[in-house]
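Undergrad:
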Amino acid sequence: MNGNLLLRFAVAFILLTHSVVGIFNNGINDFGNLYLNQIGFAPFGVFLAWSIKLSHIVAAVLLLLNKYVKLAGFVTIFVLIMGIILVHFQEGWFVVGGGRNGAEYNFLLI
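Our numbering numbers the first residue of the sequence shown as 40 and each following residue consecutively.
#1: Can you tell me where the alpha helix (DSSP H) with asparagine 68 in it begins and where it stops?
#2: Under a three-way DSSP split, which group does tryptophan 132 fall into?
#3: For phenylalanine 48, which of helix, strand or coil comes out of DSSP?
#4: Please give the ranges of any alpha helix (DSSP H) in the region 83-124, keeping only runs that are unbroken, at least 4 residues long and fully inside the region.
#5: Candidates Ile78, Gly122, Leu103: which alpha carbon is nearest isoleucine 91's?
#6: Considering only the alpha carbon of each residue, which of Thr115, Gln129, Gly137 lies closest to leucine 147?
#7: Using a Cβ-Cβ cutoff of less than 7 Å, which residues in the same chain neighbour tryptophan 132 once the five nearest sequence positions on both sides are dropped?
#8: I want to know whether the region 70-88 touches the region 44-58 - three or more CB-CB distances under 8 Å.
#9: Would you report the Cα separation of asparagine 105 and phenylalanine 63, rounded to the nearest angstrom?
#10: Quick check on glycine 61: does DSSP put it in helix, strand or coil?
#11: Tell me which residues share the same chain as valine 126 and place their Cβ nearer than 8 Å to its Cβ, disregarding the 5 neighbours each side in the sequence.
And the structure:
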């Protein structure tokens, strides 16, 4: 049995659920318009937001299929690090409890 099967499935599940919810609740467009465009990515904020979410979906599928796992991991880690730098760092460490929207979740996934 593949030793990293459980880890691959867990990360794929997290990436998929986080991405799919954003597709159906307009969160991706909101993130692009209301955040990315405002911090200097205009007019590409929505495109960038969709690229991020689609990269998570593709990475999740690749992890589930055990194909191009290193590439999927590198792309996902890059996206998560940029998320820490651009979004979460200014909010502090904690996601809940001691703070809001902090970096701890992305750090754990990395």
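The beta-carbon is built from N, C-alpha and C at its ideal position, and this holds for glycine as well.
TA: Straight from the coordinates:
#1: Residues 66-69.
#2: The three-state secondary structure of tryptophan 132, taken from DSSP, is coil.
#3: Of the three classes helix, strand and coil, the one that applies to phenylalanine 48 here is helix, per DSSP.
#4: Those alpha helix (DSSP H) runs which fall completely within the region 83-124 and span 4+ residues are 84-104, 108-122.
#5: Among Ile78, Gly122, Leu103, the Cα nearest to that of isoleucine 91 is on Gly122.
#6: Checking every option, the nearest Cα to that of leucine 147 belongs to Thr115.
#7: Cβ-Cβ distances below 7 Å link tryptophan 132 to Gly138, Gly141, Ala142, Glu143 in the same chain, with the five nearest sequence neighbours on each side left out; the list follows chain order.
#8: Because the criterion of three Cβ pairs below 8 Å is not met, the region 70-88 and the region 44-58 do not touch.
#9: Near 27 Å, if we compare the C-alpha coordinates of phenylalanine 63 and asparagine 105.
#10: If DSSP states are grouped into helix, strand and coil, glycine 61 belongs with the helices.
#11: Scanning its chain for C-beta atoms nearer than 8 Å, with the 5 sequence neighbours on each side dropped, one finds around valine 126 the residues Tyr74, Asn140, in chain order.
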